[in-house]
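So for the sequence shown, the numbering used here puts the first residue at 9; every next one is plus one. All residues carry an ideal CB built from backbone N, CA and C; glycine is no exception. Keep in mind the model is a prediction, meaning the values are calculated, not measured. Heads up: the structure comes next, in structure tokens.
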Amino acid sequence: SGQNPPSRASRWLPVRTKDLAKKWHGSYQTLGVKAVLGCRNWELGVAAAVELRAEGCDAISYQLDITDPDSALRCTEFIRELGGLDILVNNAAICFNDPTLYGTCPPTPFAQQAAPTVSTNFFGTLDVTRNLLPLLQASDSPRIVNLASYAGRLAILRSKEKMETFTSPDLQVEELEVLMREFVRDVEGGVHASKGWPNTCYGMSKLGVIALTKALARDHPQIMVNSVDPGYCATDQNANQGTISAERGARTPFMLALLPEAEFVSGKHFYEEKETRW
């Protein structure tokens, strides 16, 4: 990343992508960083952790379904028992970016995409973060890195009023939750376009994540909270149709997770190691 790591030793890093975790392996020896891979599929999680350990990463996996509140609670207790938390990387997401997810499932009508997409990408991320906030607040140098997307840019909103609402410096997390539920309801009712919402459930879920990032940064000024557009990475989610490697996409989250305290930055949105416009 070209950045100096924090002077203190990090302890546990929940991270939900194998390629992102690989970016940490060069820092394990000097920082004592340990990665917990939260994976919905237990077998794939174990396999990923084994592969990472073979490459020198200090990694373990834990079964986590971010759409299941009980699963999020169990994961929180697991990390608490490990001794603490310094860095949270929120990367779990789903996307109906192709009518059949590149042939892996039957077509899903747009009206049926909103609830699972927003429930996973926005509310799941929020739930996990809320559970882990007390552990982060006990850290000497806590960080949250939220993986967003170019799809979540403000320009997808079709009304000036919606843009002003989502960019308000006073937007509360609870108000944001109401807005995201309103989007789902309007999509299911077939009236989302007339109310200024975009025609993309994935994009809206990620726009919500970016807005959440800014609200959390304001409400928790002692925590570095930033969002990242990793680029169109080739991953399982898009049947490896992406144009850049997952390793390249992991560089900016890596930089933000290990940014020195002297370079404290929060509430910003990044792309290719630089702050970028939302």
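- Shown here, Leu179 sits in coil according to DSSP, grouped into three states, outside any helix or strand.
- In the structure shown, Ala43 adopts extended strand secondary structure according to DSSP, grouped into three states.
- Distance check between Phe104 and each of Pro124, Ile87, Cys65 places Pro124 closest, using alpha-carbon atoms only.
- According to the DSSP assignment, Ile218 belongs to the alpha helix (DSSP H) that extends over 209-227.
- Sequence-distant partners of Glu281 (beyond 5 residues in either direction) whose C-beta falls short of 6 Å from its own C-beta, in its chain, are Thr260, Met263.
- The beta strand (DSSP E) runs of length 3 or more contained entirely in the stretch 39-88 are, from start to end of the chain, 42-47, 67-71.
- In the DSSP annotation of this structure, the continuous segment of the beta strand (DSSP E) that includes Arg151 starts and ends at 151-155.
- Ser176 counts as exposed, since fewer than 16 other beta carbons sit within 10 angstroms of its beta carbon.
- Under the three-state reduction of DSSP, Phe278 is assigned to strand.
- The way I'd put it, the stretch 158-177 does touch the stretch 202-222; three or more beta-carbon pairs between them come closer than 8 Å.
- At a Cβ-Cβ threshold of 8 Å, Val181 and Ala223 count as neighbours.
- Around the beta carbon of Ser202, fewer than 16 other beta carbons sit within 10 angstroms, so the residue counts as exposed.
- Note that the C-beta distance between Val233 and Ser167 is not below 8 Å.
- Looking from the CA of Cys83, the closest CA among Arg48, Ala254, Ser147 belongs to Arg48.
- Taking all protein chains shown into account, Leu45 has 16 or more neighbouring C-beta atoms within 10 Å of its C-beta and is therefore buried.
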